[in-house]
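Mind the numbering: the sequence shown is residues 382 to 634 in the numbering used here, read in order.
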Amino acid sequence: MGGIHRQDSVSADIKCAAGPGRWLVLLRLRTGSVVVVSEKTRNKFRALRVFADLEPSGFTIEDLRANPLQALEEWILSAAEAGQVEPHAMTLCTVGADGTPSSRVLLCKDIDDERLYFATHADSRKGQEIARNPRVAVQFHWPKVGRQLRIVGGAEAAGRSAGERDFAERGRGSRLSAHLRKPTPPADRDEVLAEYTRLAAAYPDEVPCSPSWTLYGIRPDEIEFWEASPDRIHTRVSFRREEGGWQTEYLWP
382 MGGIHRQDSV
392 SADIKCAAGP
402 GRWLVLLRLR
412 TGSVVVVSEK
422 TRNKFRALRV
432 FADLEPSGFT
442 IEDLRANPLQ
452 ALEEWILSAA
462 EAGQVEPHAM
472 TLCTVGADGT
482 PSSRVLLCKD
492 IDDERLYFAT
502 HADSRKGQEI
512 ARNPRVAVQF
522 HWPKVGRQLR
532 IVGGAEAAGR
542 SAGERDFAER
552 GRGSRLSAHL
562 RKPTPPADRD
572 EVLAEYTRLA
582 AAYPDEVPCS
592 PSWTLYGIRP
602 DEIEFWEASP
612 DRIHTRVSFR
622 REEGGWQTEY
632 LWP
């Protein structure tokens, strides 16, 4: 056996540790079940190459300019030139009313001197969580160039006109799919495809903006730039917003 396996009793600790597969216990769930992974899988992961072919740029604080959001744009474009697929994709993390975090990958739509922007439905999970708690975290990851960037800040809606403008700039397929929303979940994918076909016929020309479509702007309070190095002496630079500008400093790897 390989990969993940779950036993339903606490006694599985001894069985898994002593069994022929030499299973190692990784996590005990609150239900009392045990999740384990084989040494074979563990060794496969350890054998994967990490940072082997990277050539660090050796960037400095001065290279990031006075405004780190300008540097973010430059890093995205640099990753694109290096062949990174969807370099403007980012992971957005929000927090629910009960404190449970949730994350998802979406696209950064724009960057200016104060904010970076993304669009979604205001009544989506992330939209509802931002309405309750606007504090969010964002991460970009560009493995092609061994870089990542982390942001913490506040998110807010940019206004109805901004959302409509963003919607109008989307492709026809994206505008149609934004209307694939009903109170109850679909029975299967066929129902989704049937609804898409109906929408395409209903809107042969212009597709109206979805009422809940919203452009959000994130104003960063913290930004961390990270670049990998094969020797594991990674470069980390932190920007923290203060009155009058940004406080910058190097961080330990």
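Cβ atoms here follow ideal geometry from the backbone N, Cα and C, with glycine treated the same way.
Query raised in the report: With 16 other CB atoms within 10 Å as the buried threshold, where does F426 fall?
Result: In the sequence shown, counting from the first residue as 1, residue 426 sits at position 45. Counting Cβ neighbours within 10 Å, F426 comes out exposed, since fewer than 16 surround it.
Report task. Report yes if the C-beta distance between P437 and S555 is below 7 angstroms; otherwise report no. Result -> Within the sequence shown, the letter at position 56 stands for residue 437. Within the sequence shown, the letter at position 174 stands for residue 555. For the 7 angstroms CB-CB criterion, P437 and S555 do not form a contact.
Report task. Starting from F548, trace the alpha helix (DSSP H) both ways and give me its first and last residue. Result -> Numbered from its first residue, the sequence shown carries residue 548 at position 167. Run containing F548: R541 to E550, per the alpha helix (DSSP H) assignment.
Requested in this report: State yes or no: is the C-beta of D547 within less than 7 angstroms of the C-beta of L596?
Outcome: By 1-based counting over the sequence shown, the position of residue 547 is 166. By 1-based counting over the sequence shown, the position of residue 596 is 215. Their beta carbons are under 7 angstroms apart, which means D547 touches L596 by this criterion.
Requested in this report: Output the distance between the C-alpha atoms of E510 and Q520, rounded to the nearest integer angstrom.
Outcome: The count along the sequence shown starts at 1 and reaches residue 510 at position 129. The count along the sequence shown starts at 1 and reaches residue 520 at position 139. About 18 angstroms.
Query raised in the report: From which residue to which residue does the beta strand (DSSP E) around F426 run?
Result: Here residue 426 corresponds to residue number 45 of the sequence shown, with the count starting at 1. That residue, F426, is in no beta strand (DSSP E); its alpha helix (DSSP H) goes E420 to A428.
Query raised in the report: For the alpha helix (DSSP H) that E572 lies in, which residues bound it at each end?
Result: Counting from 1 along the sequence shown, the entry for residue 572 is found at position 191. Per DSSP, E572 belongs to the alpha helix (DSSP H) from R570 to A583.
Requested in this report: Let me know the beta strand (DSSP E) ranges lying completely inside the region 475–548, each 3 residues or longer, listed in chain order.
Outcome: The qualifying runs are 482–488, 497–502, 516–523 and 528–538.
Requested in this report: Classify V618 as buried or exposed, calling it buried when 16 or more other Cβ atoms lie within 10 Å of its own Cβ.
Outcome: Here the question's residue 618 lines up with position 237 in the sequence shown. The C-beta of V618 has 16 or more other C-beta atoms within 10 Å across all chains shown, which makes the residue buried.
Query raised in the report: Leaving out the 5 sequence neighbours to the left and right, which residues in its chain are closer than 8 angstroms to E483 when beta-carbon positions are compared?
Result: Here residue 483 refers to the residue found at position 102 when the sequence shown is read from its first residue. Checking the sequence, you will find Ser at residue 483 rather than Glu. Taken in chain order, the residues that qualify are C474, T475, V476, G477, R506, K507 and E510.
Query raised in the report: What's the call for P601, buried or exposed, on a 16-neighbour Cβ count within 10 Å?
Result: Mapped onto the sequence shown, residue 601 falls at position 220. Buried is the call here.
Query raised in the report: How do the region 577–593 and the region 617–634 stand: do at least 3 beta-carbon pairs fall below 8 angstroms, yes or no?
Result: Flag = no, the region 577–593 and the region 617–634 do not touch.
Query raised in the report: What residues match up with E608 in a beta bridge as DSSP calls it?
Result: Counting from one through the sequence shown, the residue named residue 608 turns up at place 227. Bridge partners of E608: R528 and T616.
Requested in this report: For the alpha helix (DSSP H) holding Q628, just list the boundary residues, first then last.
Outcome: In the sequence shown, counting from the first residue as 1, residue 628 sits at position 247. Q628 -> not in any alpha helix (DSSP H); beta strand (DSSP E) instead, spanning G626 to L632.
Report task. Would you kindly report the start and end of the unbroken alpha helix (DSSP H) that includes L450? Result -> Here residue 450 refers to the residue found at position 69 of the sequence shown. Per DSSP, L450 belongs to the alpha helix (DSSP H) from P449 to E462.
**Report entry** I532 beta carbon less than 7 angstroms from that of G604
**Finding:** On the sequence shown, position 223 is the one that residue 604 refers to. On the sequence shown, position 151 is the one that residue 532 refers to. Reading off the sequence, residue 604 comes out as Ile, not Gly. Yes, they are a contact pair.
Query raised in the report: Buried or exposed: where does L488 fall if 16 or more other Cβ atoms within 10 Å of its Cβ makes it buried?
Result: Numbered from 1 along the sequence shown, position 107 holds the residue referred to as residue 488. L488 sits exposed, since fewer than 16 C-beta atoms from the chains shown fall within 10 Å of its C-beta.
Query - Burial state of I599 (16 or more Cβ within 10 Å) - result: Looking up residue 599 in the sequence shown gives position 218. Under the 10 Å beta carbon count, I599 is surrounded by 16 or more other beta carbons and is classified as buried.
**Report entry** Same chain, Cβ closer than 6 angstroms to A503, five either side skipped, listed in chain order
**Finding:** Here residue 503 is taken as the residue at index 122 of the sequence shown, counted from 1. Only S593 and T595 meet the Cβ criterion.
**Report entry** Sheet register partners of A470 (DSSP bridge)
**Finding:** Counted from its first residue, the sequence shown places residue 470 at position 89. In the DSSP output, where bridge partners are listed per residue, A470 has L488.
Query raised in the report: Do you know how far the Cα of N448 is from the Cα of Q628?
Result: Indexing the sequence shown from 1 puts residue 628 at position 247. Indexing the sequence shown from 1 puts residue 448 at position 67. Taking the CA atoms as reference points, Q628 sits about 11 angstroms from N448.
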